Amino acid sequence: MELILDTADLDAIKELDGLLDVTGVTTNPSIIAKSGHAPEEVIGGLVDYLRPDQKIFIQTVQTDFDGMMEEARHICGIRPENMYVKIPVTHDGLRAIKAAKAEGLGVLATAIYSADEAFMAAMNGADYLAPYVNRMCNYGDGIGQVVELIEMLAVQDLPSKVVAASFKNADQVHQLILAGIQAVTVPPAVALSMIDHPGTQIAVDEFTTNWKTAFGRTTLA
Ligand code: G3P
């Protein structure tokens, strides 16, 4: 499974990249707008920091077909490999997904709210499909829809990977890992909540205390 970070916060990316096996970083216009930095600065920071084998996903801002294609070519030209354009699955977006794949660009279909929307984007050749799990839960069974999507792709033998997005808690991620999700993109706080069980630090403190009480030091040798 690919673990991707859904953030433009370079400090958080560096921290989590040191702790975990991070496959890449996703952003969207809202995430970059909230960063407090110019888009060029945010994207440049990601390109400078991430290794060539780590993936970067940048979303189009224009909403018409020609604008999306212009931005798709720009995004995928930023570095030679592992650069993906995120395209929302509007009508213009679905056209752009087909056209971008015909040009050989890396494509993530985004702003997906149903298994059917995702499946159609997979038929158009998208490399990744990003269902918005938590937002989908506002309309019904978001987790169930994504589980069905995983099965639909397998049954129909389509190679697109599901990169579930829009997580608000660790349990949502847990349920989709269990269902065989190919990738998740999580905010730093959700990633940290998956590794920060308070019992771990309590156990380590107890080991240290017992050792120090017995041997008068906090080292092995
Ligand atoms: O890439 C952004 C997507 O994950 C949406 O997240 O938190 O705005 O629902 P959110």
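The sequence shown begins at 619 in our numbering and counts up one residue at a time.
All C-beta atoms, glycine included, are put in the ideal place defined by N, C-alpha and C.
As the structure is a computational prediction, the values presented were derived from the model and not from experiment.
What residue range does the alpha helix (DSSP H) around F675 cover? Mapped onto the sequence shown, residue 675 falls at position 57. Looking at the DSSP string, F675 is not in any alpha helix (DSSP H); the run it does join, the beta strand (DSSP E), is 673 to 677.
At the level of alpha carbons, what is the spacing between E633 and V781? The residue given as residue 633 occupies position 15 in the sequence shown. The residue given as residue 781 occupies position 163 in the sequence shown. Between E633 and V781, the C-alpha separation is close to 22 Å.
How is D682 classed by DSSP in three states: helix, strand or coil? As a position in the sequence shown, residue 682 is number 64, starting the count at 1. The answer is coil: DSSP assigns D682 none of H, G, I, E or B.
Within the continuous alpha helix (DSSP H) that includes T818, where are the two ends? For the purposes of this step, residue 818 is taken as residue 200 along the sequence shown, with counting starting at 1. That run of the alpha helix (DSSP H) goes 816 to 833.
Output yes or no for whether 8 Å exceeds the beta carbon distance between A748 and L726. Reading the sequence shown from its first residue, position 130 is the one you call residue 748. Reading the sequence shown from its first residue, position 108 is the one you call residue 726. Closer than 8 Å, so yes.
Should T644 be counted as a contact of ligand 1 given a C-beta to heavy atom distance under 7 Å? Stepping through the sequence shown from its first residue, residue 644 is reached at position 26. Yes, Cβ of T644 sits closer than 7 Å to a heavy atom of ligand 1.
State the start and end residues of the unbroken beta strand (DSSP E) segment that holds M701. Position 83 of the sequence shown, counted from the first residue, corresponds to residue 701. Looking at the DSSP string, the run of the beta strand (DSSP E) that includes M701 is 701 to 706.
Tell me whether L637 is buried or exposed, calling it buried when 16 or more other Cβ atoms sit within 10 Å of its Cβ. The residue labelled residue 637 in the question sits at position 19 within the sequence shown. Per the 10 Å Cβ criterion, exposed.
Indicate, with yes or no, if ligand 1 has a heavy atom lying under 7 Å from the CB of N828. On the sequence shown, position 210 is the one that residue 828 refers to. No.
Residue closest to V791, alpha-carbon to alpha-carbon, out of D775, I813, A656: Position 173 of the sequence shown, counted from the start, is the residue given in the question as residue 791. Cα-wise, what sits closest to V791 is I813.
Tell me K779's beta-bridge partners as DSSP assigns them. Translated into the one-based positions of the sequence shown, residue 779 becomes position 161. The partner list for K779 (beta bridge, DSSP) reads Y746.
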